[in-house]
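K.L.:
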Amino acid sequence: MTQGRLLGIIYYLLGNGHATAPALAEKFEVSIRTIYRDVDRLSSVGIPIYCNPGKGGGIFYWIHLYWIKVYYRLRSKKNCFYLYKAYKLYERNIKY
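Residue numbering for the sequence shown follows the working numbering, beginning at 241 and increasing consecutively.
1. Measure the C-alpha to C-alpha separation of residue 300 and residue 324 and round it to an integer number of angstroms.
2. If you compare alpha carbons, which of 295, 279, 242 is closest to residue 302?
3. Residue 260 and residue 296 look like a contact to me (Cβ under 8 Å); what is the Cβ gap, rounded to whole Å?
4. With 16 as the cutoff for other CB atoms within 10 Å, does residue 247 come out buried or exposed?
5. Which of helix, strand or coil does DSSP assign to residue 299?
6. Could you spell out the range, first to last residue, of the beta strand (DSSP E) harbouring residue 289?
7. Starting from residue 244, follow the alpha helix (DSSP H) in both directions and report where the run begins and ends.
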């Protein structure tokens with residue numbers, strides 16, 4: 241069940257951009273503390289997830305880190321150009 245919940249958290253954040261721990265806890269029927277443990281597990285294996293405390297805070301998926309990693313793996317100028325174009329198209333469609 242844990243693996244399914246971890247993937248569920250990732251997919252939920254990819255679709256929505258962010259969520260609060262109580263909302264995720266209610267969705268997956270676990271405690272808030274379990275959600276924080278899951279977020280810690282995901283970030284420890286390299287998934288770009290982070291938490292912001294306070295009003296307007298929550299759990300966020302940092303999509304820009306993914307693009308930074310892809311950028312540094314590319315070697316040619318042509319690939320960098322295509323990456324830039326893909327990112328600009330992605331930015332137009334993202335909903336925050």
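Backbone N, C-alpha and C fix where the C-beta goes; we use that ideal spot for every residue, glycine too. Predicted model, so just to flag it, every value in this text is computed and none were measured.
P.N.:
The answer reads as follows:
1. Residue mapping note: residue 300 aligns to position 60 of the sequence shown, counting from 1. Residue mapping note: residue 324 aligns to position 84 of the sequence shown, counting from 1. Between the alpha carbons of residue 300 and residue 324 lies a distance of about 23 Å.
2. Sequence index remark: in the sequence shown, residue 302 carries index 62 (1-based). Looking at the Cα atoms, 279 is the closest of the given residues.
3. The residue you call residue 260 lines up with position 20 of the sequence shown. The residue you call residue 296 lines up with position 56 of the sequence shown. Residue 260 to residue 296, Cβ: 10 Å. No contact.
4. On the sequence shown, position 7 is the one that residue 247 refers to. It is exposed - the Cβ of residue 247 has fewer than 16 other Cβ atoms within 10 Å.
5. Taking the first residue of the sequence shown as 1, we reach residue 299 at position 59. Three-state DSSP puts residue 299 in a strand.
6. Reading the sequence shown from its first residue, position 49 is the one you call residue 289. Run containing residue 289: 289–292, per the beta strand (DSSP E) assignment.
7. Walking along the sequence shown from the start, residue 244 turns up at place 4. Here the alpha helix (DSSP H) through residue 244 covers 242–256.
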